[in-house]
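All remarks here apply to the structure that follows.
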Amino acid sequence: MTTTPSEQGVSLGMPQLPAPDYPDDVRARLEADAHDVIARYPDSRSALLPLLHLVQSEEGHVTRTGMRFCADVLGLTTAEVTAVATFYSMYRRRPSGDYQVGVCTNTLCAVMGGDAIFEALQDHLGVGNGGTTDDGKVTLEHIECNAACDFAPVVMVNWEFFDNQTVSSAKALVDDLRAGNQVDPTRGAPLCTFKDTARILAGFPDEREGAVEASGSAGPASLIGLRLARGETSAARVVHPRGPGAPRDGAPHDPSPTEHLSSHDAPQDTSASDPAHPAGPAAEEGE
Ligand code: FES
Numbered sequence: 001m002t003t004t005p006s007e008q009g010v011s012l013g014m015p016q017l018p019a020p021d022y023p024d025d026v027r028a029r030l031e032a033d034a035h036d037v038i039a040r041y042p043d044s045r046s047a048l049l050p051l052l053h054l055v056q057s058e059e060g061h062v063t064r065t066g067m068r069f070c071a072d073v074l075g076l077t078t079a080e081v082t083a084v085a086t087f088y089s090m091y092r093r094r095p096s097g098d099y100q101v102g103v104c105t106n107t108l109c110a111v112m113g114g115d116a117i118f119e120a121l122q123d124h125l126g127v128g129n130g131g132t133t134d135d136g137k138v139t140l141e142h143i144e145c146n147a148a149c150d151f152a153p154v155v156m157v158n159w160e161f162f163d164n165q166t167v168s169s170a171k172a173l174v175d176d177l178r179a180g181n182q183v184d185p186t187r188g189a190p191l192c193t194f195k196d197t198a199r200i201l202a203g204f205p206d207e208r209e210g211a212v213e214a215s216g217s218a219g220p221a222s223l224i225g226l227r228l229a230r231g232e233t234s235a236a237r238v239v240h241p242r243g244p245g246a247p248r249d250g251a252p253h254d255p256s257p258t259e260h261l262s263s264h265d266a267p268q269d270t271s272a273s274d275p276a277h278p279a280g281p282a283a284e285e286g287e
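Here's what the structure looks like:
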């Protein structure tokens, strides 16, 4: 029986991680996809992150075969690919569930109920941190802050946000996932499986009808940031009166225009003694 150079752990003149090959048809399909991705970058090695998502979309996690595939098509060593794949927590290194359920247990979410949700889900699902339910549907983990602290406690499924969760809503969420019911995150498209999500993250379009236009269970009000980024609306600009004649602490402002994009962007008073904000008309004009 003959072995390929890759199976012998030698490729491109560099020692490579021994790993079985993909079946020929799978490798041919992945190579075509990989070349699509690589063509988007001036330097092919910049395509490593999306290619790791691509191989993750094939098997649900990044296998040795997937890492060697990435190394082969990018001309890297498997050591280089492994260093990247093991650095980022979004790449899974072992078989896991269709839905990666992450409960934020960083400080704010924890005190707002994240710790209670994580404990309740461990009991409800019968798995610990990193564990997968027997039906292969849900992998539970606790996660770090996802910068959605104003909606704490936050649960993420396949990196989509579920805001303002409670123990009961989180249990209902995982029950729906295991039952195969459609689940809409707070923002964005309806959930798809981890493999399908990985393919989208590799840079391929979400071809589900209406998915791109979907705005999630919270409706379009939560897409203010997106509308701002697209230039479809402009942020309210509020000039804070400072210097002589400005209202002192406790005196009412007239922050005009008064349109605020959310409850979180209301004008905040700044101390007149704040050295970062020199008082006076010139400073105001220069803002
Ligand atoms: S602490 Fe949970 S999103 Fe920031």
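Using UniProt numbering, the final residue of the sequence shown is 287, and nothing's skipped along the way.
For every residue, glycine included, the Cβ atom is placed at its ideal position computed from N, Cα and C.
None of these values were measured; they are calculated from a predicted model.
Quick check: the Cα distance between glycine 102 and methionine 156, rounded to an integer number of angstroms? 5 angstroms
Sheet register partners of glycine 180 (DSSP bridge): According to DSSP, which records beta bridges pairwise, glycine 180 is partnered with nothing at all.
Among Leu125, Asn106 and Pro23, whose alpha-carbon lies nearest the alpha-carbon of aspartate 176? Leu125
Leucine 108 Cβ short of 6 angstroms to the ligand FAD heavy atom set: By its list of ligands, the structure shown excludes the ligand FAD, since it contains just the ligand FES.
Less than 6 angstroms separating the Cβ of valine 154 from some heavy atom of the ligand FES? yes
Using the Cα positions of glycine 75 and aspartate 36, report the straight-line distance between them to the nearest angstrom. 16 angstroms
Measuring alpha carbon to alpha carbon, tell me which residue in Thr197, Pro95 and Pro185 is nearest histidine 61. Pro95
Could you tell me the distance, in whole angstroms, from the CA atom of threonine 86 to the CA atom of arginine 93? 8 angstroms
Please classify serine 89: is it buried, with 16 or more other beta-carbons within 10 angstroms of its beta-carbon, or exposed? exposed
Is it buried or exposed for glutamine 165, if we count other Cβ within 10 angstroms and need 16 for buried? buried
If contacts are defined as beta-carbon pairs under 8 angstroms, then asparagine 158 and glutamine 100 qualify, I think. What distance do you get, rounded to the angstrom? 6 angstroms
Three-state secondary structure assigned by DSSP to valine 103: strand
Residue nearest to alanine 134 in terms of C-alpha spacing, selected from Glu119, Ala170 and Gly97: Correcting the residue type first, residue 134 is aspartate in the shown sequence and not alanine. Closest option to aspartate 134, Cα to Cα, is Gly97.
Roughly how many whole angstroms lie between the Cα atoms of proline 23 and alanine 79? 23 angstroms
Looking at leucine 121: is its Cβ nearer than 7 angstroms to the Cβ of alanine 152? no
Shortest alpha-carbon distance to glycine 114 belongs to which of Val138, Thr132, Ala148 and Val81? Ala148
By how many angstroms is the C-alpha of arginine 27 removed from the C-alpha of proline 18? 16 angstroms
Buried or exposed: leucine 54, going by 16 or more other Cβ atoms within 10 Å of its Cβ? buried
Taking 7 angstroms as the cut-off, decide whether the C-beta atoms of histidine 142 and phenylalanine 162 are in contact. no
Considering only the beta carbon of each residue, do aspartate 196 and proline 190 sit closer than 7 angstroms? no
Run through DSSP, which three-state label would alanine 19 get? coil
With C-beta atoms as the reference, is leucine 48 less than 7 angstroms away from valine 84? yes
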